[in-house]
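Using this note's numbering, read the sequence shown as starting at 1 and increasing by one per residue. Quick reminder that beta carbons are idealized off the backbone N, C-alpha and C, glycines included. Below: one structure, written as structure tokens.
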Amino acid sequence: MGPRGDTGSAAALRSLPAVHELAGALDAPHAVAVAAARRAIDEHRAAIRAGAAAPEDLLPRARALLAEIERESLRRVINATGVILHTNLGRAPLAASAREAVVRAAEGYSNLELDLSTGERGSRHAHVDQLLCELTGAEASIVVNNGAGAVLLAAAALAGPGRGIVVARGQLVEIGGGFRIPEVIAQSGARLVEVGTTNRTRIGDYVRALETHDDIGAIMRVHQSNFRTVGFVEEVPVAALCELGVPVIDDVGSGYVGVTGAVAVEEPAIADSVAAGAALVCCSGDKLLGGPQAGLMVGRGEAVAAARRHPLARAMRIDKLSLAAL
1 MGPRGDTGSA AALRSLPAVH ELAGALDAPH AVAVAAARRA IDEHRAAIRA GAAAPEDLLP
61 RARALLAEIE RESLRRVINA TGVILHTNLG RAPLAASARE AVVRAAEGYS NLELDLSTGE
121 RGSRHAHVDQ LLCELTGAEA SIVVNNGAGA VLLAAAALAG PGRGIVVARG QLVEIGGGFR
181 IPEVIAQSGA RLVEVGTTNR TRIGDYVRAL ETHDDIGAIM RVHQSNFRTV GFVEEVPVAA
241 LCELGVPVID DVGSGYVGVT GAVAVEEPAI ADSVAAGAAL VCCSGDKLLG GPQAGLMVGR
301 GEAVAAARRH PLARAMRIDK LSLAAL
């Protein structure tokens, strides 16, 4: 660009208003108005330097940017996808009673970790423990902030640093957001022991793994979510795995409780895994259960106690609003 162009560009840049002048023309709180004005000026400054002409009036653009800033980022949408439990659209909508419980918990103080009968510190898990045990037939329960956290905590509590977790190769899946079972096991500190093949895994594969490795902490069965292996396939039922004498972690994924009279779905039921003897059954709270985002862990008393004692339990603990919804 020659001297004349440089001069024109410099003049155009000088014509841009000061931030405080443009912000003063916006009907908004000072900080928000300044942010919108600065963005509008920065946009046009960059455009002028790229060769564009100076704008006659920056106010319309500043007002448009102000509207974007003030608009809520998380907004209600219409689900026209045909997928009822859509991860990108927030999964299960909460029932009216759950929404009302959230409002009550949010409006003031609560006995989140206070035992009202003794006046001493209590456990937040007590608010849902009995309900989950009645619903699933489990001895005890713990709830964390999401389903992935439940799987990670289960692996860390039952196996932990240096011990092995046996998983069938066909269940080493990745689901939305890059959640990979091998990486979760690695983060727990446990060592992954793969058995079988992608399409066929037999009870003998698990037995050989237990005979070969003397430091196995648990066997994990993983629900494949929307991935399916069809045709020449074979897998071991959870009941057979529970007979091998090693704690079984069953990640059933969707949280299907198998309510009597409900429409049948092809999903593993939590109660079936509990009845089979799984040490810990993990699932999400905001899928077929219809609750808030949460990771439910139900099963044997000693396994749940180990999960509650683990340091990760506090890092992943559920908040009071989600507890209220549950």
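So what does residue i bridge to, in DSSP terms?
i: I175; result: F179
i: A36; result: DSSP, once it has assigned bridges, lists no residue as partnering A36.
i: I142; result: M297
i: G51; result: Its beta-bridge partners do not exist; DSSP assigns none.
i: I78; result: Answer is none; I78 lacks a bridge partner.
i: I249; result: M220 and L280
i: V332; result: The requested residue 332 is not part of the displayed model; the chain covers only 1 to 326.
i: V304; result: Partner(s): none; V304 has no beta bridge.
i: A269; result: Y256
i: E234; result: R200
i: V207; result: Answer is none; V207 lacks a bridge partner.
i: R121; result: L114
i: V167; result: E194 and M220
i: R45; result: According to DSSP, which records beta bridges pairwise, R45 is partnered with nothing at all.
i: R317; result: V144
Since I believe residue j is in contact with residue i (beta carbons under 8 Å), could you give me their beta-carbon distance rounded to a whole number of angstroms?
i: A303; j: L210; result: Going by Cβ atoms, the distance from A303 to L210 rounds to 18 Å, so no, they are not a contact pair.
i: E139; j: G299; result: 7 Å
i: S117; j: V128; result: Not quite, the Cβ-Cβ distance comes to about 18 Å (not below 8 Å), so this is no contact.
i: A148; j: F179; result: 5 Å
i: A150; j: C282; result: 4 Å
i: L62; j: L22; result: With the sequence shown as reference, residue 62 is identified as Ala, and Leu is not the correct amino acid for it. The pair is a contact, with the Cβ atoms about 6 Å apart (cut-off 8 Å).
i: V236; j: R202; result: 7 Å
i: L66; j: A25; result: About 10 Å separates the two Cβ atoms, so there is no contact after all.
i: V160; j: G217; result: Contrary to the premise, residue 160 reads as Gly rather than Val in this sequence. G160 to G217, Cβ: 7 Å. Contact.
i: S9; j: R49; result: 7 Å
i: V103; j: A325; result: V103 to A325, Cβ: 10 Å. No contact.
Exposed or buried, residue i, counting other C-beta atoms within 10 Å across all chains shown (16 or more means buried)?
i: P3; result: Its pLDDT being 46, under 50, P3 is placed unreliably by the model, and nothing is read from it.
i: T136; result: buried
i: L13; result: exposed
i: Y206; result: buried
i: D27; result: exposed
i: A306; result: buried
i: S73; result: exposed
i: G170; result: buried
i: S15; result: exposed
i: S273; result: buried
i: H30; result: exposed
i: A95; result: exposed
i: V246; result: buried
i: N146; result: buried
i: V77; result: exposed
i: V184; result: buried
i: V195; result: buried
i: R33; result: Looking at the sequence shown, residue 33 is not Arg but Ala. Burial call: buried.
i: A190; result: buried
i: A40; result: buried
i: P292; result: buried
Identify, in the order they occur along the chain, each residue of the same chain with its Cβ nearer than 6 Å to the Cβ of residue i, setting aside the five sequence neighbours on each side.
i: M1; result: Reliability fails at M1, whose pLDDT of 44 lies under 50, so the model's placement of it is uncertain and no value is given.
i: L288; result: S254, G255 and Y256
i: V230; result: none
i: A294; result: V143, G285, I318 and S322
i: D115; result: G122
i: A269; result: Y256 and G258
Going by beta carbon distance, what residues of the same chain come within less than 8 Å of residue i, once the five residues before and after it are set aside?
i: F232; result: N199 and R200
i: N79; result: H86 and L89
i: M297; result: S141, I142, V143, V144, A150, L153, A154, L280, V281, C282, V304 and A307
i: R45; result: L13 and L16
i: A53; result: A12
i: C133; result: E139, A140, S141 and V298
i: E234; result: N199, R200, T201 and R202
Leaving out the 5 sequence neighbours to the left and right, which residues in its chain are closer than 7 Å to residue i when beta-carbon positions are compared?
i: R38; result: V19
i: L131; result: none
i: G213; result: The residue asked about is misnamed: residue 213 is His in this sequence, not Gly. Once the five neighbours on either side are set aside, the close Cβ partners of H213 are G164 and V193.
i: E267; result: S254, Y256 and L288
i: E113; result: R121, G122, S123 and R124
i: R91; result: L85, D286 and K287
i: Q187; result: L152
i: D42; result: none
i: I69; result: V32, A35 and A36
At least 3 beta-carbon pairs within less than 8 Å: the region 245–252 vs the region 217–237: yes
Segment contact flag, the region 162–170 with the region 304–313, C-beta cutoff 8 Å, min 3 pairs: no
Cβ pair count under 8 Å reaching 3, the region 84–98 against the region 44–57: no
Any 3 or more C-beta pairs closer than 8 Å across the region 233–244 and the region 276–291: yes
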